Amino acid sequence: MAASTMGYLFEFPTTGSALTALKGKSINDDSELPPPRKVARHGSASSPHKHRTTATGRTGLNPIEIKLRTPAQAPDFAAMHTLVYKFIRTFLQTGKGGYSGCLGDIHEACKVLVLEANQGDALEGVLTTSLRLCCENILREFKSSDASVNDFLEKFLNWWSWWHRRLDTLRAVLLFLDIVHLESHENKSSIREAGFQRFKDTVLLSSYTMRNIEEALKAWSNDKRMGVLTVDEPRLKKLVRCTEDLGCYEPCIEEPYLSRTTEFYAKESAKATSKTAVEYLQLCAKSYEQEKEIEMGDFRPETSAASSLIALQQLVIPHIDLLAKEALADIIATRDHKYFVELHNMLTRVTSSSKSWTASPSDTLLSHYRSDIISRVKDIVTDTEHDATMVDNLLELKEFLDTCLSKEFLDDVEQSDRQYTHATSEAFEKGFACRRIKPAEMIARKIDSLMREGQKSSSDGEFFVKMTRILTLYRFSPDKDAFRTFYKRALTKRLLLGRSASDDFEKQVLEVLSKSYDAAFSDMTQMFKDLVVSKDLLDDYRHPKRNEPERPDLNLSVMVLQHSMWPVAKKVSKPNTGVEIRLPSKMEEALNDYADFYRTRHGNRRLTWAHYLGTATLRAYFPAGKKELSVSLYQATVLLLFNERDEWSTEEIEDRTSLGTSDLVPTIQSLALGKQQLLRRTDARIGKNVKRDDRFSFNEEFTDTKVKIRVNTIQQNDTVEEIQQAVKVIDQHRDASLEAAIVRVMKAAKTMKHQQLVNETIDAVSKHFRPDVNAIKSRIESLIEREFIARKDGNTNVYSYLA
Amino acid sequence: YNYTFDFAKTETGQRSISIENACAFWGLLLPAGLKGRALQHMDAKADGEEVVYTPSREPGWKQEYNDLWFEYLNEKGGKGVSKDTWLMFFDFVRTIDDKFEKHDVEAAWPSAIDDFAVWVKSRID
Chain B
2 MAASTMGYLF
12 EFPTTGSALT
22 ALKGKSINDD
32 SELPPPRKVA
42 RHGSASSPHK
52 HRTTATGRTG
62 LNPIEIKLRT
72 PAQAPDFAAM
82 HTLVYKFIRT
92 FLQTGKGGYS
102 GCLGDIHEAC
112 KVLVLEANQG
122 DALEGVLTTS
132 LRLCCENILR
142 EFKSSDASVN
152 DFLEKFLNWW
162 SWWHRRLDTL
172 RAVLLFLDIV
182 HLESHENKSS
192 IREAGFQRFK
202 DTVLLSSYTM
212 RNIEEALKAW
222 SNDKRMGVLT
232 VDEPRLKKLV
242 RCTEDLGCYE
252 PCIEEPYLSR
262 TTEFYAKESA
272 KATSKTAVEY
282 LQLCAKSYEQ
292 EKEIEMGDFR
302 PETSAASSLI
312 ALQQLVIPHI
322 DLLAKEALAD
332 IIATRDHKYF
342 VELHNMLTRV
352 TSSSKSWTAS
362 PSDTLLSHYR
372 SDIISRVKDI
382 VTDTEHDATM
392 VDNLLELKEF
402 LDTCLSKEFL
412 DDVEQSDRQY
422 THATSEAFEK
432 GFACRRIKPA
442 EMIARKIDSL
452 MREGQKSSSD
462 GEFFVKMTRI
472 LTLYRFSPDK
482 DAFRTFYKRA
492 LTKRLLLGRS
502 ASDDFEKQVL
512 EVLSKSYDAA
522 FSDMTQMFKD
532 LVVSKDLLDD
542 YRHPKRNEPE
552 RPDLNLSVMV
562 LQHSMWPVAK
572 KVSKPNTGVE
582 IRLPSKMEEA
592 LNDYADFYRT
602 RHGNRRLTWA
612 HYLGTATLRA
622 YFPAGKKELS
632 VSLYQATVLL
642 LFNERDEWST
652 EEIEDRTSLG
662 TSDLVPTIQS
672 LALGKQQLLR
682 RTDARIGKNV
692 KRDDRFSFNE
702 EFTDTKVKIR
712 VNTIQQNDTV
722 EEIQQAVKVI
732 DQHRDASLEA
742 AIVRVMKAAK
752 TMKHQQLVNE
762 TIDAVSKHFR
772 PDVNAIKSRI
782 ESLIEREFIA
792 RKDGNTNVYS
802 YLA
Chain Y
87 YNYTFDFAKT
97 ETGQRSISIE
107 NACAFWGLLL
117 PAGLKGRALQ
127 HMDAKADGEE
137 VVYTPSREPG
147 WKQEYNDLWF
157 EYLNEKGGKG
167 VSKDTWLMFF
177 DFVRTIDDKF
187 EKHDVEAAWP
197 SAIDDFAVWV
207 KSRID
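One line per chain: the protein sequences are B and Y, in this order.
Take the first sequence: its letter number 237 is residue 238 in my numbering, and every next letter is one higher.
Take the second sequence: its letter number 61 is residue 147 in my numbering, and every next letter is one higher.
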């Protein structure tokens, strides 16, 4: 096409002498050279440029003048216009094969009209109208066949490519119009643009088409979900591309697709009623994944993302409680942390999809989580029948939760992590508060058994990890003073009975406890000092100096404990005798000797024997073999009786030993009615109770694979009595602490309102335990009675400090 | 009324009087006070640091309640009646409503009176 414009670059001479030398030729011959043309010949089609040669009709040497027509000659615009117009109309007709005339002519005419006749606008008008009419025709033809989805797609695409081709040709032919007139003007659209626009507006965006597209998308998405293939996918892809080209992807494809998705999943969500909570959760997750993966090549990724989010929203939001409460409960009950993370992430995704929530799914999940854990902890803690496994169960639950929370939270990072950690702590605290003191006691017991077992095969690190986990539980208990008490008692027994696996460990644990939890633990390290001092003393005792008498029993070992530091009570078995136990005379002798010795070292100190903590080693000669028995002092005393006689009755033993029933019975049980029967009940009877007239005798048939046997386990564990006593002591201490706190607060404040006093008192002791409001009230009353504080005149709600 | 507590002490240095004696003296004082103006029902309002009493129109302590109080004390009263309880009881009778619904357990009432309020409520229902 460029060649035609080049014509203007040359100016042809109006006369030329080139042919002057020509002899006269036949007049009617055209000159040899074809007349110069400004455009290439298009064939037989006549060109509007009529070449005129001067027909001389004369022979002779006549210079042949070639006069070229100048463009100045006015062409027939109207004719041209008609031509172009006809062309456009014909060309843009459905059903017709094409234009049968010479396109070159059209092209020329167009150029003329645009450049010379300034008919650009008119042509444009024609074009526009024709485009519109054509499209309407297309639509009509299109519509007339009610076809299946695939037929629709085929037809549509056929029309679309037909349109494409027509436009291309149109543009080529009407090039001048396009370039000169249309494209250079800002608010005019080129042929191609106008064509596309028109097609879009009339055909694509017609309700008929839109409906069909929607049907197609619906069928296709069903295919995808069912895993079948009914829709012609490549064609659908082309359709999508078409909408992209036409810039109406959103209304044509995305919107209908998303609304279909919404509909589909709204219906799907009804399945919630027929499934269990966890099954429904799985359904949600699967649907989300499915939607995400639905690819159509030319689908925009935003569409897939949006549709998967919609799926989630439709499925999750109406059943938020089912998921956040029931599914969560099931998941935690079955300790399934994969699903836990799944559930959490899913709800986070749904939450972040919208900014306006009255109660966002994430928050709902968090609050259900909190209440679920609280009730679980409460159940464990208040289950009195399973006290022994309380700590283990709590540890197991905590570990599970820790695992859940430590796994990467895919969608939300630290925020929710912290929220959940916080919620867990809160829940455990609340749960622990449901039972007084017992949890603290169980934790102390657990640590006790751990310390007794020692490391065994696990490494240092592992052992401490175990310890730390238990101590973390302790943090949640409000009864810190109870824990301290029980821990101390257990420590005492471990140290005195030599049951601790390692002194170093004990000290390390105490350090950890005192640093991280409660400074009072560091006092317990003093206990070790006492033991060291006792050992030194013992060394001295066993190696008497020249002026000191010989020691009656060098096997004696005594531990002297400071009463203030050790929770050792003075035990008096039988109230009227004032004696704990009557030991064999030889033992008494040895003990007295030591007492004398001690007095020479520390004259101003008073010693009291705690025989219930004493131990002895006996050499026993059974017919089956010699045995070495480690027994408690009580047990030893009872056993030694059988050196005198073969048979004793309970009553008789009681008389001789002065042991009270509550101590005697367990002792005898452990010797005669347990697993290792050193004694045997003479009248073999079933039953663990010991009657006063039961008779016991030396068990000749006793055997054991080991030579050294320990029988003193009863000393290690607290009896029910001891625990009750401990709790009583704890309560007494608490009352005293409360009173001290109240007095302290009042002394500083001089006067204070009742409520404020209560609050400040609670704060003051919060590090050790959580007081009952009633307990505080009764302490206040007691203090009023003892005239430490008084009610203020004129206002019974205010107290004042009495100096 | 306040003087009576010390009067009822049988020994010097006593901190509480026996329930028997306390009830006997209350038996004398309460009916008289309720008939007259001493134990008239009052509204107590806290005004800054002070408490202001104004006569109330609502029904309050009834004569029948005296016996309930004695019964409660004999059942659960413990060892004796402390001075604090004795003194506070006066205000209690004056300010409590007839159904014991307005009693504030969080306030500074002695625990004996708190427990009584709970106990008597279930009795009169």
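Just so it is clear, CB atoms sit at the ideal spot from N, CA and C, and this is done for glycine as well.
Computed from a prediction, not measured in an experiment: that's the story for all the values here.
Nearest CB-CB separation between Gln-756/B and chain Y: below the 8 Å threshold. Apart from sequence neighbours up to five positions away, the residues of its chain that approach Leu-125/Y with a beta-carbon distance below 8 Å are Leu-116, Gly-119, Trp-147, Phe-176, Val-179, Arg-180, ordered along the chain. The count of Cβ pairs closer than 8 Å, one atom from the region 167-183 of chain B and one from the region 232-252 of chain B, stays below three, leaving the stretches out of contact. From the beta-carbon of Ala-124/Y, no residue of chain B is found nearer than 8 Å; the closest lies around 17 Å away. Boundaries of the alpha helix (DSSP H) around Trp-163/B: 150-174.
Put simply, the CB of Lys-751/B is far from chain Y, with every gap to its CB atoms at 8 Å or more. The beta-carbon of Asp-177/Y is placed less than 8 Å from the nearest beta-carbon of chain B. By alpha-carbon distance to Ile-89/B, the top candidate from Leu-175/B, Glu-463/B, Ser-767/B, Asp-505/B is Leu-175/B.
The DSSP-derived three-state label of Ile-295/B is coil. If you check each beta-carbon in the region 163-176 of chain Y against every beta-carbon of chain B, the ones closer than 9 Å belong to Ser-168, Lys-169, Asp-170, Thr-171, Leu-173, Met-174.
With distances taken between CA atoms, Leu-344/B lies nearest to Ala-286/B out of Ala-286/B, Gln-314/B, Leu-398/B, His-320/B.
Across the structure, Leu-396/B and Ile-471/B are spaced so that their CA atoms are roughly 7 Å apart.
In the DSSP assignment, Gly-626/B forms a beta bridge with Phe-623/B.
Comparing alpha carbon positions, the residue from Thr-404/B, Val-342/B, Glu-430/B closest to Ser-372/B is Glu-430/B.
The CB of Glu-786/B comes closer than 8 Å to the CB of Arg-101, Ser-102, Ser-168, Lys-169, Asp-170 in chain Y, given here in chain order. Per the DSSP secondary-structure output, Leu-680/B pairs in a beta bridge with Phe-699/B. Ala-193, Ala-194, Pro-196, Ser-197: these are the residues of the region 193-211 of chain Y whose beta carbon lies less than 7 Å from some beta carbon of chain B, given in chain order. Against chain Y, the CB of Ser-779/B has a partner CB under 8 Å away; the residue lies at that interface.
Shortest Cα-Cα distance from Lys-121/Y to any of Ser-168/Y, Glu-150/Y, Phe-186/Y involves Glu-150/Y. With respect to Ala-441/B, Asp-480/B sits close: the two C-beta atoms are nearer than 8 Å. Ala-791/B: member of the beta strand (DSSP E) spanning 790-793, first to last residue. Across the structure, Phe-433/B and Asp-773/B are spaced so that their CA atoms are roughly 15 Å apart. For Met-753/B, the three-state secondary structure derived from DSSP is strand. The residue from Leu-313/B, Ala-278/B, Cys-435/B with its alpha-carbon nearest to that of Ile-333/B is Ala-278/B. Between the region 665-683 of chain B and the region 745-759 of chain B, the count of Cβ pairs shorter than 8 Å is below three; the stretches do not touch. Proximity of chain Y to Asn-775/B at the Cβ level (cut-off 7 Å) is accounted for by Ser-197, in chain order.
Among the residues of chain Y, those whose CB is under 9 Å from the CB of Thr-797/B are Ala-130, Val-137, Leu-173, Met-174, Asp-177, Ala-193, Ala-194, Trp-195, following chain order. Between Ser-197/Y and Lys-778/B, the CB-CB gap stays under 8 Å. Any Cβ of chain Y closer than 8 Å to the Cβ of Glu-782/B would place that residue at the interface, and such an atom is present. Looking only at Ala-804/B, Leu-218/B, Thr-638/B, Ala-267/B, the smallest Cα-Cα distance to Pro-252/B is reached by Leu-218/B. Proximity of the region 562-570 of chain B to the region 536-548 of chain B falls short of the contact definition, fewer than three beta-carbon pairs being nearer than 8 Å. Straight-line measurement puts the Cα of Tyr-87/Y at about 13 Å from the Cα of Arg-123/Y. Selection Leu-511/B, Leu-474/B, Ser-478/B, Ser-361/B evaluated against Ala-491/B yields Leu-511/B as nearest (Cα-Cα).
DSSP places Arg-711/B inside the beta strand (DSSP E), whose first and last residues are 709-711. Counting along the chain, no alpha helix (DSSP H) covers Ile-103/Y; the unbroken beta strand (DSSP E) around it starts and ends at 102-104. One alpha carbon belongs to Arg-336/B, the other to Phe-401/B, and they sit about 7 Å apart.
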